[in-house]
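Note that the protein sequences, when read in sequence, are chains A and B. If you're matching positions, the first sequence starts at 0 in numbering that gives the first Met the number 0 and goes up one per residue. If you're matching positions, the second sequence starts at 0 in numbering that gives the first Met the number 0 and goes up one per residue. A virtual CB, placed ideally from N, CA and C, is assigned to each residue, including glycine. Computed from a predicted model, the values in this text were never measured in an experiment. Beneath this line is the structure, given in structure tokens, with notes to follow.
Number of protein chains: 2
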Amino acid sequence: MQILECVPNFSEGRDPGFREELEVVLGRFPVKILDLSMDPDHNRADCTFIGSPEAVEECAAALAARAVELIDMRLHAGNHPRMGAVDVVPFVPIRGLTTADAVAIAHRFGKSFAERHGIPVFYYEDACTSEGRRNLADVRRGEYEGMAAKLQESVWTVDAGPQAFNERSGVTAVGARMPLIAFNVYLGTGDLAVAKAIAAAVRHSSGGLRGVKAMGIDVAERGLVQVSMNLVDYRRTPIHRAVELVRIEAARYGVPIKECELVGLVPLEAVSDAFGFYLQVPGLSAERVIEYHLLPGDEEATV
Amino acid sequence: MQILECVPNFSEGRDPGFREELEVVLGRFPVKILDLSMDPDHNRADCTFIGSPEAVEECAAALAARAVELIDMRLHAGNHPRMGAVDVVPFVPIRGLTTADAVAIAHRFGKSFAERHGIPVFYYEDACTSEGRRNLADVRRGEYEGMAAKLQESVWTVDAGPQAFNERSGVTAVGARMPLIAFNVYLGTGDLAVAKAIAAAVRHSSGGLRGVKAMGIDVAERGLVQVSMNLVDYRRTPIHRAVELVRIEAARYGVPIKECELVGLVPLEAVSDAFGFYLQVPGLSAERVIEYHLLPGDEEATV
Numbered sequence: 000m001q002i003l004e005c006v007p008n009f010s011e012g013r014d015p016g017f018r019e020e021l022e023v024v025l026g027r028f029p030v031k032i033l034d035l036s037m038d039p040d041h042n043r044a045d046c047t048f049i050g051s052p053e054a055v056e057e058c059a060a061a062l063a064a065r066a067v068e069l070i071d072m073r074l075h076a077g078n079h080p081r082m083g084a085v086d087v088v089p090f091v092p093i094r095g096l097t098t099a100d101a102v103a104i105a106h107r108f109g110k111s112f113a114e115r116h117g118i119p120v121f122y123y124e125d126a127c128t129s130e131g132r133r134n135l136a137d138v139r140r141g142e143y144e145g146m147a148a149k150l151q152e153s154v155w156t157v158d159a160g161p162q163a164f165n166e167r168s169g170v171t172a173v174g175a176r177m178p179l180i181a182f183n184v185y186l187g188t189g190d191l192a193v194a195k196a197i198a199a200a201v202r203h204s205s206g207g208l209r210g211v212k213a214m215g216i217d218v219a220e221r222g223l224v225q226v227s228m229n230l231v232d233y234r235r236t237p238i239h240r241a242v243e244l245v246r247i248e249a250a251r252y253g254v255p256i257k258e259c260e261l262v263g264l265v266p267l268e269a270v271s272d273a274f275g276f277y278l279q280v281p282g283l284s285a286e287r288v289i290e291y292h293l294l295p296g297d298e299e300a301t302v
Numbered sequence: 000m001q002i003l004e005c006v007p008n009f010s011e012g013r014d015p016g017f018r019e020e021l022e023v024v025l026g027r028f029p030v031k032i033l034d035l036s037m038d039p040d041h042n043r044a045d046c047t048f049i050g051s052p053e054a055v056e057e058c059a060a061a062l063a064a065r066a067v068e069l070i071d072m073r074l075h076a077g078n079h080p081r082m083g084a085v086d087v088v089p090f091v092p093i094r095g096l097t098t099a100d101a102v103a104i105a106h107r108f109g110k111s112f113a114e115r116h117g118i119p120v121f122y123y124e125d126a127c128t129s130e131g132r133r134n135l136a137d138v139r140r141g142e143y144e145g146m147a148a149k150l151q152e153s154v155w156t157v158d159a160g161p162q163a164f165n166e167r168s169g170v171t172a173v174g175a176r177m178p179l180i181a182f183n184v185y186l187g188t189g190d191l192a193v194a195k196a197i198a199a200a201v202r203h204s205s206g207g208l209r210g211v212k213a214m215g216i217d218v219a220e221r222g223l224v225q226v227s228m229n230l231v232d233y234r235r236t237p238i239h240r241a242v243e244l245v246r247i248e249a250a251r252y253g254v255p256i257k258e259c260e261l262v263g264l265v266p267l268e269a270v271s272d273a274f275g276f277y278l279q280v281p282g283l284s285a286e287r288v289i290e291y292h293l294l295p296g297d298e299e300a301t302v
């Protein structure tokens, strides 16, 4: 059995009617919605669904088409980097699929979407066509407002669609990647400088752990600050290593970890890895979890 | 979808031919084998399999019938308490089944097994007919050698089968219970007295945590001792609490935890609970694990 995940982000997070429109489209396909959240501050909708590769690809195309109809980027403002109505469409292999499978799906989806709607598309992460496009932040740098100029730079030849800027819909990034773990660590302080210093210590870009992105954020309504992290390769840099490094760096300021927050979902393997680490069980794998043996498509399964 | 587990223990752990016989029987039913291990020291075979309630019940009956044919308790010796050829047959509800369902299956299996083979049967754990039979250790006290006398005590009227001792096959305990977590903590010492003192501190029978059984064991081949634990209700007493209490009690002897060992399998909920504890994620549930949503019989699932 093959299971693919798709996590499209759309640049509309305030209109409840938009959420309903997405739900109507999702309801037309045999997919399962894992998360659908609207963030008014970011003015951004975040949708996570899984299913067979065919159903997920078709559903993603239908969602993207509806978003293109409904969103006018000329009117968009929000606190999250963005460059298009359909801002990013990452495909994630969950079961019975390789990264190469997900890349092939991303490329087919991207080409079809770009041609159907006349929107410039860049491929990113594992679907990237050059290393300079692997990191979404590089692709999106300049945001919607800077895209018209960016598309005139020779290094930013589109991967699919027109080389011309689409004023109404902007630019779309289509990618393939491993499941990403989004994890926020709340610190026992309101001092944003501490969160920023810790984030700088643990993130890869400034010398920290490979595969870790981190930033310090002020969470004013709780009077706390957080280190907001993305782990892009949880097999090489597991959650426990990132969190315990935050704990060590926080200790120099006399600051404890108040609590942590998992954003979205996490793969079983990441959970069983952390279990094995904290409980000191050498070589523990997801196969030691009873439910692992109930999953569809397990070769040995006869139930 | 309903999934039942059965974990029968048979009093033969040395003859490789016996293992093969079990495998032949298991192969005749649509069940999935999670574990099949022979322990020569205990002279005991331990088998774990899952499947539909019907398949598991039928397979358990066929395995038990074969074990009754092959094992003669008059010749049995081994380092584990035992009272019968088919020593214990616990049924464990895994998915879509209640404890009451598992109890009904245990009672039906026990009656049928007892009558077919003329073997006295006691029901234990959630299947028990009186509180004095809930604990397997109480039912099995006296072991095979003491059962003829035990069956003459009015308090030990059998739950099924003849009241007379079966010399060849002994006595069988049939039960229903929650998934049990068997967990061994290796200490950084060879001092058995330390392991025994820690076991006494954490186990319920001597004042410790509810639902925890523990004993100190010498693991001579590693030059270490271990606290061997069973957690019989991991929802009320989760793994992390038992292990961290061992760690605290060990500290007074200046002894660290070297490593831990999980025996058999563990429910997803127990793994996600430990993950939430160590990573300080309040209210984390198994639903935050991607694979949870791929399990069969999930009402919402459309994939």
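query                                                                                                          : result
Three or more C-beta pairs below 8 Å linking the region 246-254 of chain A and the region 281-291 of chain A   : no
Distance between LEU230/A and ARG209/A (C-alpha atoms, nearest Å)                                              : 9 Å
Chain B residues whose Cβ lies nearer than 7 Å to that of GLN279/A                                             : ILE256, GLU258 and CYS259
Straight-line gap, VAL280/B to GLU258/A (C-alpha atoms, nearest Å)                                             : 6 Å
Any C-beta of chain A under 8 Å from that of ILE49/B                                                           : yes
Distance CB(PRO7/A)-CB(ALA59/A) smaller than 8 Å                                                               : yes
Uninterrupted beta strand (DSSP E) stretches inside the region 184-247 of chain B (no shorter than 3 residues) : 211-218 and 223-230
Nearest residue (CA-CA) to ALA219/A, options ASP190/A, ALA113/A, PRO89/A and MET228/A                          : ASP190/A
Whole-angstrom distance between VAL55/B and ILE32/B, CA atom to CA atom                                        : 11 Å
Limits of the alpha helix (DSSP H) - the one that ALA148/B falls within                                        : 142-149
Neighbourhood of PRO39/B by C-beta, 7 Å cutoff - its chain only, sequence neighbours within 5 removed          : GLY12 and ARG13
CB-CB length for PRO313/A against GLY50/A, believed under 8 Å                                                  : With chain A covering only 0 through 302, there is no way to say anything about residue 313/A.
HIS41/B vs GLY77/B beta-carbon contact at 8 Å                                                                  : yes
Three-state secondary structure (DSSP) of LEU62/A                                                              : helix
Under 7 Å by beta carbon: chain A residues contacting ALA273/B                                                 : PHE274, TYR277 and LEU278
Chain-ordered neighbours of PRO266/B on chain A, where CB pairs are closer than 9 Å                            : VAL288, ILE289 and GLU290
GLN162/B versus ALA172/B: straight-line alpha-carbon distance, rounded                                         : 14 Å
GLU20/A in three-state terms, based on DSSP                                                                    : helix
Distance, ASN183/B Cα to GLU19/B Cα                                                                            : 28 Å
Against chain B: residues of the region 92-118 of chain A by CB proximity under 8 Å                            : ILE93 and ARG94
Within chain A, partners of PRO178/B - CB distance below 9 Å                                                   : ILE289
Per-residue DSSP class, three states only, for PRO295/B                                                        : coil
Beta-bridge pairing of THR171/B - partner residues as DSSP gives them                                          : VAL120/B
Contact belief for TYR122/B with ALA101/B at Cβ below 8 Å, rounded distance in angstroms                       : Wrong, their Cβ atoms sit about 12 Å apart, outside the cutoff.
Where ILE238/B meets chain A, residues with beta-carbon distance less than 8 Å                                 : LEU278
Rounded separation between HIS116/B and LEU264/B - CA only                                                     : 31 Å
Any non-hydrogen atom of the ligand GTP within 7 Å of ILE2/A CB                                                : The ligand GTP is absent from the structure shown, which contains no ligands of any kind.
Residue closest to ALA99/B, alpha-carbon to alpha-carbon, out of ASP125/B, ARG234/B and SER111/B               : ASP125/B
Interface residues of the region 31-47 of chain A facing chain B [CB-CB below 7 Å]                             : LYS31 and LEU33
CB contact check: LEU62/A to chain B, cutoff 8 Å                                                               : no
Members of the region 195-223 of chain A near chain B, C-beta cut-off 9 Å                                      : none
Helix, strand or coil at ASP38/B according to DSSP, with G and I counted as helix                              : strand
Rounded C-alpha distance that separates ALA175/A from LYS110/A                                                 : 14 Å
Inter-residue spacing [alpha-carbon to alpha-carbon] between VAL23/A and VAL201/B                              : 54 Å
Of the residues ALA136/B, PHE90/B and ALA66/B, the one placed nearest ILE118/B, counting alpha carbons only    : ALA66/B
Between the CA atoms of LEU179/B and LEU3/A - distance to the nearest angstrom                                 : 34 Å
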